[in-house]
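**Q** Letter by letter, the sequence shown follows residues 2 to 132 of my numbering. Even glycine gets a Cβ: it sits at the ideal position worked out from N, Cα and C. Just dropping this structure here.
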Amino acid sequence: MSALDLLDKLAGGAVERAFGEVVTISPQVGARHAGYGGADHARPAKTIKAAFASGTDATLLFGARRQGHSAVGNTEVVTTNSVLSVTAATYATLGYEVVKDDFVTVRGTVYRVVVARLDDVGAVLVELVPK
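Okay, here's the thing in structure tokens:
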């Protein structure tokens, strides 16, 4: 295990214990494409613990870690201020990739995934908008 992996495991686990909330990831058929076809049974819904922030808290907690990236092709620009931070270890327990248009339920509210990507410290940031 590299030093970075160890740091991610220790620090990420501490953040999840201190600030983590129970969230449900609900993959959707047709995610990444135009339209929702319902639950994706090949990627079953799973409950995990992750740090969630919305509004000003999201900007303060995750603002420096939300680095943009360039992509070839169509680009969807969405202003989102709800962020889910998942440690790499927890993300791996899902057994599948969280993709655009999957649903995430936090505090009884359903959000749509805009993008999920690795941040600068090795965690997965999932940017959300209300469904």
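Is A90 helix, strand or coil when you go by DSSP?
**A** In this structure, A90 counts as helix in the three-state DSSP scheme.
**Q** Grab me the residues of V116's own chain with a C-beta within less than 6 Å of its C-beta, minus the 5 sequence neighbours each way, in chain order.
**A** If we look at V116 and ignore the five residues flanking it on each side, its Cβ neighbours are E128.
**Q** Here's the rule: buried if 16 or more other CB atoms are within 10 angstroms of the residue's CB, otherwise exposed. What is T88?
**A** Answer is buried; the Cβ neighbour count reaches 16.
**Q** Contact defined as beta carbons within less than 8 Å: I believe A51 pairs with P28. What is the distance between those atoms, to the nearest angstrom?
**A** Actually they do not touch by this definition, with Cβ atoms about 16 Å apart.
**Q** Return the CA-CA distance between Y97 and R44, expressed in angstroms with no decimal places.
**A** For Y97 and R44, the distance between alpha carbons rounds to 7 Å.
**Q** Considering Cα atoms alone, identify which of T94, A93, V111, A90 is closest to V84.
**A** Measuring from the Cα of V84, the nearest candidate turns out to be V111.
**Q** According to the Cβ coordinates, are S86 and L126 closer than 8 Å?
**A** In contact: S86 and L126 (Cβ atoms closer than 8 Å).
**Q** Could you give the distance in angstroms between the alpha-carbon of A124 and the alpha-carbon of V99?
**A** So the alpha carbons of these two residues sit roughly 13 Å apart.
**Q** Tell me, which residues are paired with A52 by DSSP?
**A** Answer is G21, S86.
**Q** Is it buried or exposed, A19, if we count other Cβ atoms within 10 angstroms and call 16 or more buried?
**A** Under this definition A19 is an exposed residue.
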